[in-house]
């Protein structure tokens, strides 16, 4: 009854996890490629701005994933309770019509 309902949300949640993982990999790859071998060439201002930008993007993505997860849980609960009450109504209707 709920299998297809949860499968869609599971796929969506897995896609978000993969996207966050890809952003983390991109962040570290960019960070490692921007660190020069010679310390005299380090531009701290540019590095700070890049790091801050990536951190902001990661926090935004995390909050968006949390929002999706919370919505998924609320939708699941809503569907469960709606189905529960509908099933009880149907049983009550069958019981009264059988009498």
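Numbering (this note's numbering), first residue to last: 550 to 648. Ideal placement from N, C-alpha and C gives every residue a C-beta, glycine not left out.
Take residue i and list the residues in its own chain whose beta-carbon comes closer than 6 Å to its own, dropping the five residues that flank it on each side.
i	result
residue 575	none
residue 605	none
Give a yes or no on whether the minimum CB-CB distance between residue i and chain D is below 7 Å.
i	result
residue 618	Here chain D cannot be found, since the structure has a single protein chain.
Give me the Cβ distance between residue i and residue j, rounded to the nearest whole Å; I'm assuming they're in contact under 8 Å.
i	j	result
residue 583	residue 596	6 Å
residue 568	residue 600	Between residue 600 and residue 568 the Cβ distance is about 20 Å, and since that is not below 8 Å, they are no contact.
residue 572	residue 607	6 Å
So, for residue i: in the same chain, excluding its five sequence neighbours on each side, which residues have a beta-carbon less than 7 Å away from its beta-carbon?
i	result
residue 618	562
residue 614	565, 569
Give the secondary structure of residue i by DSSP, where H, G and I count as helix, E and B as strand, and everything else as coil.
i	result
residue 550	In this predicted model, residue 550 has a pLDDT of only 48, less than 50, meaning its place in the structure is not dependable; the value taken from the coordinates is given anyway. If DSSP states are grouped into helix, strand and coil, residue 550 belongs with coil.
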